[in-house]
Amino acid sequence: MTEPYELTASEIARLVASGQAMAEECVESVIERIHEVESKVHAYITIDEEEARRKAKQIDERIREKKPVGRLAGILVAVKDNMCTQGIRTTCSSRMLENFTPPYDATVVERVKRADGIVIGKTNMDEFAMGSSTETSHFGPTYNPWDLTRVPGGSSGGSAAAVIDGEAIVALGSDTGGSVRCPASFCSTVGLKPTYGLVSRYGLIAYANSLEQIGPITKTVEDCAVLLSVIAGNDERDCTTANLGILDYLSRLHEPVSEVRVGVVRELFGEGTQEGVSKSVWKGVDMMGEFTAGCEEVSLPSLDYSLPAYYLIAMSEASSNLARYDGLRYGYRSPSESLDWADTYSRTRKDGFGTEVKRRIILGSFALSAGYYDRYYLKALQVRTLIRRDFEKALDKFDVLVGPTMPLPPFKVGEKIKDPLGLYMCDVDTVPVNLAGLPAISIPCGFVDALPIGMQIIGRHFAEELILRVAYNFEKSCHLEHRSPPLR
Amino acid sequence: MHCQLTNLKTKLFCSCPSDYRGKEPNTTVCPTCLGIPGTLPRPNEKALEDAIMVAIALSSHISNETTFYRKNYYYPDMSKNFQISQYDGGGGVPIATSGAISVEADGTRVTTRIRRLQLEEDPAKLVHLGAIDTSPYTLVDYNRAGIALLEIVTEPDLKSPREARLFLQKLRSILEHLGVSDGSLEGAMRCDANISLAGGARTEVKNISSFKEVERALSFEIMRQKSLLARGLKVGQETRHWDEARRVTLTLRTKEEEQDYRYFPEPDLTPMQIQADTVEDIRRRMPELPDTRKERFTKQYGLLPSSAEVLTSDKALADFFEKCVLLYKEARQIGNWITSDLLRCLHSQGLEIGESKITPDNLTEMLRMIDWGQISGKIAKKILPEMVATGSSPRDVARRHGLVRISEREILETIVESIFQEFPEAVKDASRDEKAIHYLVGQLMRKTEGKADPQLANRLIREKLQNRVQ
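Chains as they are written, first to last, in our numbering: chain W, 94 to 581; chain S, 106 to 575.
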């Protein structure tokens, strides 16, 4: 018999709203599952079982009283631990914020709750979202449910792992340079990075503001469309959000995409791409050719410069964003006494931040310094413009662009953590769309040696509806969505 | 110059009230101005309108689009350890550039060019016990954090400390006429003064609390730099701190210790468009500016340009003048009294017109008392300081000090009678010697301590003498 934790959000919503299942049952099933597997996977930093049970009871009561419920009624949502949750600590996987409890809910959390979604807990991540493996967490790594010796990807590794192993029904991640799509690819889930400005960043603890977006991590494309419909849309508290009116990604999801022209981006199959990945994705491309207007190769030469441009911009912004952690108002503070403020700040930041975070702060500060700003930061902005133009050109000719999400399958825990540059290289296929502000979805497209491979579908600005439709059609021809991980 | 936009209801990037003065520390704060992780700035559109209005008043070039930058530095008064500001280097566009302010100083017109005009957030206030260097602790009050500041930077056009003060006065008057900033509020207008002498580097003086202090601080700096140069020593580029109590400047940091602010565009704010329509709309709604008001004062009230200049260099003073004009016809008289005696009085008491208790009612009553012969001009000058200090009416002050003129016939007649008895010799001489009459009048004035109406006294004495002869 299928346990509720194995179901999709769409299935649960139907069962709960029609009274065929109780929200409480679903919650208990997931909580039980957490008790069963969490010790192996370590997807969460904080779990709030009691609040989840209380919310579920309320929902069941409302259904009994025939009162309307939201579209996420009874659905357990795991939230990456860099989104503020009122009353639940929000750590960013950092010692610096180990005991930080925000006084407010992030807009996305507020919207999930308004739709009767239940926040079950806060998921593990790379410290301050800086990493691609969830190994830089102050609370220890998350393990990939498909192979417990391997990483789940990052930085939203906990969210992807929790969704695929049944510790949550859907999850929220954030994607600055691939942090939703990378773990989606490594854990065989669907992960969407929305167009910059589609989803409010209010309450998302910033790593690199001009690049990041919050996005859904789900088992199926339909769930992704549901969750996106809940969280997307203008927010007056984030003036970088666009005002597009009411957004609905579901109603046309099941329609065919036979008119869609697909461009296969040559640069996404660069020299670092492993053969297995390349083969698997090309197989996916062939499959896509059958239900679209056809696939054709296209070249975006500027993508070769996207990795350095991305890291310069991200680190520069990070160096400024993370300056506020000085121990004065909240968060970790060095216990050393009778120091002046400058030394207290230094001591606090030395002990409160991990190595990778400090590396990025130092490099970012350097890139913004007088005399280097023009050479590094401004140059990176110019590259960013070139990349955006290349994408625009390609998306004039094609409706969507595709390629691998990650150049390699999930690697071993500890394999790359000592080699920062090698780890940065893993982001080569995901960072271009963050620089261009475009939407991109990662969707499972196969397995190589029992390890998941993801394919990326990139669309025009605010063309989430189309890429979700293409992804949905692809999912239908792949039949990978109901495979569950062995947890070995 | 940093001017708080005190007319705004809320802070620059959040909806906290901007009226923070006198509030419990850390009560007009929210997650955004406290820099709580995850919060985002939301620009106050009214602040941009204010800035555009000032830009128009300073005849500046207004940008079509303006961008916010982050100015990064660590300091305990910064909730985010960066300040959202604007930047004029490397792609940054302030709200306006190349404006000008003209001041009439000693008959000549001095024009100061404005380099740029921009918005930024005020940092928190640090509170110390006693002096900054001996206080055992520092307290941080974030109520001020995030208040909208308008920064105005001039070109190096000012040639003396006095010109600097006059410039600042004029700027303040302009801002007050526009109604965007109230300079009488403590800390609402602050300035960093830069100064260099021929052959020396530029120094910047911070912590100047008022315009009077600007003049003092700059004069001190000139003296200090001159004496260094005279001894053949170098004036280094540095930032200095004005110690108001000791009236000296002290080194804060040298050029080598200057911060690298690592400016870059604020990614949480989109560039703000300034439409030509908006500018035109604001231009149409512009209130009267000091220069136009000065012009009007000379035409409408027949004031000398110099008095009109003095009056309009302080909005409160010009307002006071116009209130007086409603109560008393002789506008020029009012103007003369305000620009000479009243200002002198205020100055010696260290008060601004707004801080003093004198009212238009009282000042004009005083002028009427002079007209009616109840007090002399001399006595008016005597009672004015008390009117300024206490707000008492001129009649009360004059009475309290027994300064009201004796002009009642019966009283004076009695006094004349007693004088005639006291000085019979003079009375005898008076019939043929004019000097003796003067002598008798003098005696009467002495007896009344100068309060007798001299004309009436003169008449009464002559009448009495004539009666005698007959």
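Note that CB positions come from ideal geometry on N, CA and C, so glycine has one too.
Buried or exposed by the 16-neighbour rule on C-beta atoms within 10 Å, applied to residue i
i: residue 516/S; result: exposed
i: residue 231/W; result: buried
i: residue 242/S; result: exposed
i: residue 260/S; result: exposed
i: residue 469/S; result: buried
i: residue 222/S; result: buried
i: residue 331/W; result: buried
i: residue 479/S; result: buried
i: residue 572/S; result: exposed
i: residue 520/W; result: buried
i: residue 35/W; result: Residue 35/W is absent from the model: chain W starts at 94 and stops at 581.
i: residue 290/S; result: exposed
i: residue 200/W; result: buried
i: residue 102/W; result: buried
i: residue 232/S; result: exposed
i: residue 420/S; result: buried
i: residue 217/S; result: buried
i: residue 364/W; result: exposed
Local conformation of residue i per DSSP, three classes
i: residue 380/S; result: coil
i: residue 288/W; result: coil
i: residue 137/W; result: strand
i: residue 113/W; result: coil
i: residue 342/S; result: coil
i: residue 528/W; result: helix
i: residue 367/W; result: coil
i: residue 232/W; result: coil
i: residue 246/S; result: strand
i: residue 278/W; result: helix
i: residue 99/S; result: This structure leaves residue 99/S out entirely; chain S is present only between 106 and 575.
i: residue 435/S; result: coil
i: residue 176/W; result: strand
i: residue 467/S; result: helix
i: residue 281/S; result: helix
i: residue 505/W; result: strand
i: residue 116/S; result: coil
i: residue 534/W; result: strand
i: residue 260/S; result: coil
Supposed close pair residue i, residue j - CB separation, criterion 8 Å
i: residue 178/S; j: residue 364/S; result: 5 Å
i: residue 143/S; j: residue 214/W; result: Their Cβ separation, rounded to whole angstroms, is 18 Å, which puts residue 143/S and residue 214/W out of contact at 8 Å.
i: residue 549/S; j: residue 524/S; result: 5 Å
i: residue 362/W; j: residue 545/W; result: With 8 Å as the limit, residue 362/W and residue 545/W do not qualify as a contact, their Cβ atoms being about 18 Å apart.
i: residue 394/S; j: residue 251/S; result: Their Cβ separation, rounded to whole angstroms, is 29 Å, which puts residue 394/S and residue 251/S out of contact at 8 Å.
i: residue 108/S; j: residue 286/S; result: 4 Å
i: residue 294/S; j: residue 106/S; result: 7 Å
i: residue 494/W; j: residue 356/W; result: 5 Å
Beta carbon proximity, residue i to chain B, threshold 8 Å
i: residue 365/S; result: Any reference to chain B falls outside this structure, whose protein chains are W and S.
**Study point:** Residues within the stretch 369-382 of chain S neighbouring chain W, beta-carbon criterion of under 9 Å
**Key:** So the list reads 369, 370, 371, 372, 373, 374, 375, given in the order they occur along the chain.
Point to revise | Where the stretch 176-187 of chain S meets chain W: residues whose CB sits under 9 Å from a CB there | key: Listed by position along the chain: 177, 178, 179, 180, 181, 183, 184, 185, 186, 187.
Point to revise | At least 3 beta-carbon pairs within less than 8 Å: the stretch 237-257 of chain W vs the stretch 98-111 of chain W | key: No contact exists between the stretch 237-257 of chain W and the stretch 98-111 of chain W.
Review point. Taking three-plus beta-carbon pairs below 8 Å as touching, is the stretch 531-542 of chain W in contact with the stretch 550-557 of chain W?
Key: Because the criterion of three Cβ pairs below 8 Å is met, the stretch 531-542 of chain W and the stretch 550-557 of chain W touch.
Check your understanding: Between the stretch 196-210 of chain S and the stretch 161-173 of chain S, do three or more beta carbon pairs fall short of 8 Å?
Key -> Touching, yes, given that three or more Cβ pairs across the two stretches are closer than 8 Å.
Check your understanding: With contact counted as at least three CB pairs below 8 Å, one residue from each stretch, are the stretch 424-444 of chain W and the stretch 202-213 of chain W in contact?
Key -> With a cut-off of 8 Å, the stretch 202-213 of chain W and the stretch 424-444 of chain W do not count as touching, because too few Cβ pairs lie within range.
Exercise for review: Quick one: which residues of the stretch 140-167 of chain S get their C-beta closer than 9 Å to a C-beta of chain W? List them in chain order.
Suggested key: Against chain W - using a Cβ distance shorter than 9 Å - the residues of the stretch 140-167 of chain S are 140, 141, 142, 143, 144, 145, 146, 147, 148.
Review point. Does the pairing of the stretch 494-508 of chain S with the stretch 459-477 of chain S give three or more beta-carbon distances under 8 Å?
Key: Yes, they touch.
Review point. Any contact of the stretch 371-386 of chain W with the stretch 507-515 of chain W, i.e. 3+ C-beta pairs under 8 Å?
Key: Contact fails between the stretch 371-386 of chain W and the stretch 507-515 of chain W, because fewer than three Cβ pairs, one in each stretch, are under 8 Å apart.
Point to revise | Contacting positions in the stretch 330-345 of chain W - beta carbon closer than 8 Å to chain S | key: Of all residues in the stretch 330-345 of chain W, only 330, 331, 332, 333 come within less than 8 Å of chain S when Cβ atoms are compared, listed by chain position.
Check your understanding: Quick check: the stretch 225-245 of chain W against the stretch 159-171 of chain W, are there 3 or more CB pairs under 8 Å?
Key -> No, because fewer than three Cβ pairs between the stretch 225-245 of chain W and the stretch 159-171 of chain W fall closer than 8 Å, the two stretches do not touch.
Review point. For the stretch 293-321 of chain W, which residues have a CB atom closer than 9 Å to at least one CB atom of chain S, in sequence order?
Key: Cβ contacts with chain S: 293, 294, 295, 296, 297, 298, 299, 301, 302, 303, 304.
Exercise for review: Anything in the stretch 461-475 of chain W with a Cβ closer than 8 Å to a Cβ of chain S? List those residues in chain order, please.
Suggested key: Flagged, chain order: 461, 462, 463, 466, 467, 470, 471.
**Study point:** Contact residues within the stretch 176-198 of chain W, judged by C-beta distance below 9 Å to chain S
**Key:** Going along the stretch 176-198 of chain W in chain order, one finds 176, 177, 183, 185, 190, 193, 195, 196, 197 with a Cβ nearer than 9 Å to chain S.
Practice item. Evaluate the contact criterion for the stretch 380-394 of chain W versus the stretch 282-294 of chain W: three or more CB pairs, one atom per stretch, below 8 Å. Key: With the rule of 3 Cβ pairs closer than 8 Å, the stretch 380-394 of chain W does not count as touching the stretch 282-294 of chain W.
Point to revise | Residues in the stretch 194-205 of chain S having any Cβ partner in chain W nearer than 8 Å | key: Cβ contacts with chain W come from 195, 196.
Practice item. Give the residues from the stretch 385-410 of chain W that approach chain S closer than 7 Å (Cβ to any Cβ), ordered along the chain. Key: Flagged, chain order: 409, 410.
Check your understanding: Just checking, does the stretch 299-315 of chain W make contact with the stretch 122-141 of chain S on the three C-beta pairs under 8 Å criterion?
Key -> Verdict: no, contact absent.
Practice item. Indicate whether the contact test is met: 3 or more Cβ pairs, each with one atom in the stretch 565-580 of chain W and one in the stretch 407-427 of chain W, closer than 8 Å. Key: Counting Cβ pairs under 8 Å, fewer than three are found: no touch.
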